[in-house]
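Peer 1: Sharing a structure with you now.
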Ligand SMILES: *Cc1c(COP(=O)(O)O)cnc(C)c1O
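Numbering (our numbering), first residue to last: 2 to 414.
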């Protein structure tokens, strides 16, 4: 048997049944119509937002919508946060349709097309510029359509987020303007009739070590101050990035956000004069929504092959690629996984949970320990709230799309 990640502490068991937002998995499956089913619980998301507010008083919170763009979830989260970060014109449209004021939307990401820049400028969305060339295109498009673009600079920092699952800064990167070229682009933008909105410094993702985040935030503050002084322009806004991780695998422990918040408060209190009037933001995706989601999939077949027991389910990597280990991880490890109903006896058996796609990589649980299960029983994969349905190749093999439900959202039941 191989280890699995920890089940988030938000879930309760009642008489051996998993409770999701106060109801059983069967009740939600009946409400949604069928499995496979993603469920996102706004109560857990509200808890994370409250924790952030307590740890980071005075710091703005943005939601990185790519983590989960399910429209009822975006509509429910929008009034609870201070802004939304998007990475395409499609995500920008989604945020606008969710009722988010354009002035609270920022658009980062390399390779923004002219049409996307024009849509954003027209709507009044802030562009986090990824290069000097993009700055020139945005300024030209603004002049062409007679609108003042709201422009911030994404910086490719000269430091990295240590221990980060995905490094986005340090060295040659397609993201952001190199720190040593930034002052020139700031001057270009701020002096050209644009509304200069400040700096965006994102150093990486999926960090669980508070010391690494504290160091990265201190480095981001120092870098923002240095570049602003070089350019001689005070930034109205500094986005310090995010990168808060959640425990996915055995041995991972939850991030101590209170420690990170306390250190940032100290650093902000001592910030250089040029940052005195800046608004500071942290942008988060998976930490806000990842643990709020579960993926329910029903066992269709149980079989043995060469001594290995397989539970074949009606879902698979076309819905939940990350749990199959094929979304950017080098070594395949098991997400937290369980049955939605646990029998009285505590005996577990070594089984592999596989999806319905004809590929050996469609494995949602590899040699995991589960109580004896039969066709009809439901398997639950946790951490399905971020980089789940929208980060998976749903069209593969033509199986039907999964259902999605937001508890306390506006999904129609
Ligand atoms: C993906 C991304 C995020 C969100 O990352 P999480 O790990 O989900 O918190 C935030 N900011 C930027 C610029 C990103 O590309």
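Where is the CB? At the ideal position from N, CA and C, for every residue including glycine.
Using DSSP's beta-bridge definition, name the partner residues of residue 155.
Peer 2: Locating residue 155 in the chain shown gives position 154, where the first residue counts as 1. Beta-bridge pairing links residue 155 to 201.
Peer 1: Tell me, please, which residues DSSP counts as bridged to residue 370.
Peer 2: Residue numbering aside, residue 370 sits at position 369 when the chain shown is read from its first letter. Answer by DSSP bridge pairing, in chain order: 351.
Peer 1: Express the C-alpha separation of residue 358 and residue 76 in angstroms, rounding to a whole number.
Peer 2: For the purposes of this step, residue 76 is identified with residue 75 of the chain shown, where counting begins at 1. For the purposes of this step, residue 358 is identified with residue 357 of the chain shown, where counting begins at 1. Distance between the alpha carbons of residue 76 and residue 358 is about 33 Å.
Peer 1: Compute the minimum distance between the beta carbon of residue 68 and the heavy atoms of ligand 1, and state whether it is under 6 Å.
Peer 2: Here the question's residue 68 lines up with position 67 in the chain shown. Flag set: Cβ of residue 68 near ligand 1.
Peer 1: Is the separation between the beta-carbon of residue 352 and that of residue 312 shorter than 7 Å?
Peer 2: Looking up residue 352 in the chain shown gives position 351. Looking up residue 312 in the chain shown gives position 311. Their beta carbons are under 7 Å apart, which means residue 352 touches residue 312 by this criterion.
Peer 1: Given 6 Å as the limit, tell me if residue 203 has its C-beta closer than that to any heavy atom belonging to ligand 1.
Peer 2: Counting from one through the chain shown, the residue named residue 203 turns up at place 202. Within the cutoff, so yes.
Peer 1: Could you check where the alpha helix (DSSP H) with residue 281 kicks off and where it finishes?
Peer 2: Translated into the one-based positions of the chain shown, residue 281 becomes position 280. Per DSSP, residue 281 belongs to no alpha helix (DSSP H); it is in the beta strand (DSSP E), 280-285.
Peer 1: Could you tell me if residue 304 is buried or exposed, where buried requires 16 or more neighbouring beta carbons within 10 angstroms of its beta carbon?
Peer 2: The residue labelled residue 304 in the question sits at position 303 within the chain shown. By the 10 Å Cβ count, residue 304 comes out exposed.
Peer 1: Locate the beta strand (DSSP E) running through residue 216, then write down its first and last residues.
Peer 2: The residue labelled residue 216 in the question sits at position 215 within the chain shown. Note, residue 216: premise wrong, no beta strand (DSSP E); alpha helix (DSSP H) at 211-232.
Peer 1: How long is the line joining the alpha carbons of residue 152 and residue 285, rounded to whole angstroms?
Peer 2: Taking the chain shown and counting its residues from 1, one reaches residue 152 at position 151. Taking the chain shown and counting its residues from 1, one reaches residue 285 at position 284. The straight-line gap from Cα to Cα measures roughly 21 Å.
Peer 1: Would you check whether ligand 1 has a heavy atom nearer than 6 Å to the C-beta of residue 231?
Peer 2: For the purposes of this step, residue 231 is identified with residue 230 of the chain shown, where counting begins at 1. Residue 231: no, Cβ never under 6 Å from ligand 1.
Peer 1: What is the DSSP secondary structure of residue 43, counted as helix, strand or coil?
Peer 2: Here the question's residue 43 lines up with position 42 in the chain shown. Reduced to three states, the DSSP call for residue 43 is helix.
Peer 1: Please classify residue 83: is it buried, with 16 or more other beta-carbons within 10 angstroms of its beta-carbon, or exposed?
Peer 2: To locate residue 83, count along the chain shown from 1; it is residue 82. With fewer than 16 other Cβ atoms within 10 Å, it is exposed.
Peer 1: Please name the residue, chosen from 39, 289, 400, that lies closest to residue 50 on a Cα-to-Cα basis.
Peer 2: Stepping through the chain shown from its first residue, residue 50 is reached at position 49. Considering only alpha carbons, the answer is 289.
Peer 1: Here's the rule: buried if 16 or more other CB atoms are within 10 angstroms of the residue's CB, otherwise exposed. What is residue 9?
Peer 2: Stepping through the chain shown from its first residue, residue 9 is reached at position 8. Buried, because 16 or more other Cβ atoms sit within 10 Å of the Cβ of residue 9.
Peer 1: Let me check you understand the geometry: is the CB of residue 22 closer than 6 Å to at least one non-hydrogen atom of ligand 1?
Peer 2: Position 21 of the chain shown, counted from the first residue, corresponds to residue 22. False, no ligand heavy atom lies under 6 Å from that Cβ.
Peer 1: With distances taken from CA atoms, which of 319, 372, 232 is nearest residue 39?
Peer 2: In the chain shown, counting from the first residue as 1, residue 39 sits at position 38. Cα-wise, what sits closest to residue 39 is 319.
Peer 1: Short of 7 Å in beta carbon distance, which residues of its chain neighbour residue 322, apart from the five on each side in sequence? Order them along the chain.
Peer 2: Here residue 322 refers to the residue found at position 321 of the chain shown. Excluding sequence neighbours, residue 322 sits near 328, 392, 393, 394.
Peer 1: Is the beta carbon of residue 91 within less than 6 Å of some heavy atom of ligand 1?
Peer 2: If you number the chain shown from 1, residue 91 lands on position 90. Checking the Cβ of residue 91 against ligand 1 gives no.
Peer 1: In whole angstroms, what separates the C-alpha of residue 217 from that of residue 161?
Peer 2: Translated into positions along the chain shown, residue 217 becomes position 216. Translated into positions along the chain shown, residue 161 becomes position 160. So the two alpha carbons sit approximately 7 Å from each other.
Peer 1: Do residue 62 and residue 410 have their C-beta atoms closer together than 7 Å?
Peer 2: On the chain shown, position 61 is the one that residue 62 refers to. On the chain shown, position 409 is the one that residue 410 refers to. Going by C-beta atoms, residue 62 is not nearer than 7 Å to residue 410.
Peer 1: For the alpha helix (DSSP H) holding residue 391, just list the boundary residues, first then last.
Peer 2: Taking the first residue of the chain shown as 1, we reach residue 391 at position 390. Note, residue 391: premise wrong, no alpha helix (DSSP H); not H, not E.
Peer 1: Who are the near neighbours of residue 148 in its chain, counting only those whose CB is closer than 7 Å to its CB and skipping five residues on each side?
Peer 2: Locating residue 148 in the chain shown gives position 147, counting from the first residue. Only 122, 123 meet the Cβ criterion.
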